[in-house]
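Participant: Here the sequence shown stands for residues 15 to 419, numbered as in the numbering used here. All C-beta atoms, glycine included, are put in the ideal place defined by N, C-alpha and C. Because the structure is a prediction, the values reported are computed rather than measured.
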Amino acid sequence: ATCENVNYGCDYKGTSGEVDRHEEDCKFRVVRGVIESFRGTIENLVVEVGKQNKQIKELRNAVLVMEQENVQRDRKLDLKLTLLDESQSHCNTSLNETRQMVNEISTEMNNVQSQLGLVGNIEQHVFKCKGTFVGHDGPIWSMASSGDLLFSGSSDHTIKIWDTLANFTCLKTLQGHEGMVLALCVHNGVLYSSASDNKICVWDIKSHRLLESFSAHSNPVCTLAANDSYFFSGSLRVINVWDVATFQAVHTIDNLNHWVRALVIKKNKLYAGIYQAIKIWDVTTFETERIIDIKGGSVYSMVVTDSWIICGTYEKGIQMHSLHNDQSHVLTGHTGTVYCLGFYTSAGHTRLFSGANDRTIKVWNVDRKIPSQTLDRHQGSVCCLVVAKGKIFSGAMDSTIKVWQ
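So this is what it looks like as structure tokens:
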């Protein structure tokens, strides 16, 4: 016979009587008692572990399903992005083709009109981009020219001098301002510059030397103009007049209704563009000679020809007002504020150039009051224009200057 604790480690064997007596003192009885007392707990743990294993399996399956769904979403997103890129590329191509077609149609219409005798002997000309000046670290707000030199002012607080005759390279960088260079003006070998730091700097063009620097206004100086005796600066509600020899203020025109963003001096007349008006003074007496009402908000740009005062306004329009009578015209075509104007006259005919917030430059037949071409190579608002020696220079918010001819 064997001990009843054989399953708990006891290996005792003997007769029935011997086994009975052994079992009374068998040391494995304690082990048996302990194990049997924990049997229920162990069985419960086994059941609980089984449940946990089942839950883990279910969670793994759920995670697998979610991963598969995420993969499908990523594939769908990649497909949508690819389709979006293709659609955008197609739209850009179509837009460029449309612009090119419009320019070609405009040119062809002008040619047909010329053949029909509708344009007289106005020279037909298509302007093309011939190069780009790159060097400024911010938008270009102002430009001026002298001989073969072009000057540009930028948000990077500098003025750059460019060679326009050969390779469009920067010859020198002038540093004197502590703000955006908002206006440049050239007269009698002198470059005048003004900025958002409220200062005016005066430079010798030949030596590039800073002649004078002074605080001119209590607000940013937006525009400049000069003649043999004075240079003029426009700011918020005021125009200051400065002596060209001493750089001292000699007169102030104040109580204007808004920012003065455009000044032109021509034949002893000072023209100023303000809010909804152009005011004209005799610069020998500083008496007001004429006020022209303007529609379209503030005047942002202005040129004066022998026959017309032409201004660009905040509300996208270009307005022409006769110097000799009450005749006026409105030129429409831009879809943004007209920031700058330029012109040249050849063989008795005037060609006008306008740059705007819509990133384009328009070429206008002033005699017929119609646009003849749209130039659209800039990637930002066109802020300033210079017409010099048969070339058009345009500065923009994209930090570049482009050359058109």
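#1: Can you check the segment 287-338 for any beta strand (DSSP E) of at least 3 residues that lies completely inside it and give the ranges in chain order?
#2: When you compare the CB positions of Tyr-328 and Gly-311, do they come within less than 7 Å of one another, or not?
#3: For the 8 Å Cβ check, are there 3 or more pairs between the segment 234-252 and the segment 171-189?
#4: Out of Lys-144, Ser-208, Val-313, point me to the one whose CA is closest to Gly-167's CA.
#5: With DSSP as the reference, please indicate the residues paired to Leu-224 in a beta bridge.
#6: So, at 6 Å on beta carbons, what are the nonlocal neighbours of Ala-276 in its own chain, with the 5 sequence-adjacent residues on each side left out?
#7: Which same chain residues, not among the five before or five after Leu-250, have their C-beta less than 6 Å away from its C-beta?
#8: Using DSSP with H/G/I as helix, E/B as strand and the rest coil, what is Val-380?
#9: Give the C-beta separation of Ser-247 and Ile-214 to the nearest angstrom, bearing in mind that I take them to be a contact with Cβ-Cβ under 8 Å.
#10: Taking the alpha-carbon of Ser-336 as reference, which of Leu-345, Trp-322, Ser-159, Thr-346 has the nearest alpha-carbon?
#11: Suppose only complete runs of 3+ residues qualify. What are the beta strand (DSSP E) ranges in the segment 144-213, listed by chain order?
#12: My assumption, with CB atoms under 8 Å, is that Asp-390 sits in contact with Thr-374. Please give the rounded CB distance.
#13: Give a yes or no on contact between the segment 17-30 and the segment 38-45, applying the rule of three or more CB pairs nearer than 8 Å.
#14: Please say whether Leu-164 and Phe-407 have beta carbons closer to each other than 7 Å?
#15: Quick check: the Cα distance between Cys-199 and Thr-349, rounded to an integer number of angstroms?
#16: Does the beta-carbon of Gly-331 have 16 or more other beta-carbons within 10 angstroms, so that it is buried, or is it exposed?
#17: What separation, rounded to the nearest whole angstrom, lies between the Cα atoms of Tyr-26 and Gly-54?
#18: Is Asp-257 helix, strand or coil when you go by DSSP?
#19: Is it buried or exposed, Thr-178, if we count other Cβ atoms within 10 angstroms and call 16 or more buried?
#20: For Gly-394, which three-state DSSP category applies?
#21: Quick one: using the 10 Å Cβ neighbour count with 16 as the cut-off for buried, is Gln-341 buried or exposed?
#22: Pick out whichever of Ser-368, Tyr-244, Ser-227, Asn-271 has its Cα sitting closest to the Cα of Val-264.
Facilitator: In terms of the structure at hand:
#1: 301-318, 322-327, 332-336
#2: yes
#3: no
#4: Ser-208
#5: Trp-217
#6: Thr-237, Gly-287, Val-313, Ser-315, Met-316
#7: Asn-233, Trp-273
#8: coil
#9: 6 Å
#10: Trp-322
#11: 154-160, 163-168, 172-177, 184-189, 195-201, 204-209
#12: 5 Å
#13: yes
#14: yes
#15: 28 Å
#16: buried
#17: 28 Å
#18: strand
#19: buried
#20: coil
#21: exposed
#22: Tyr-244
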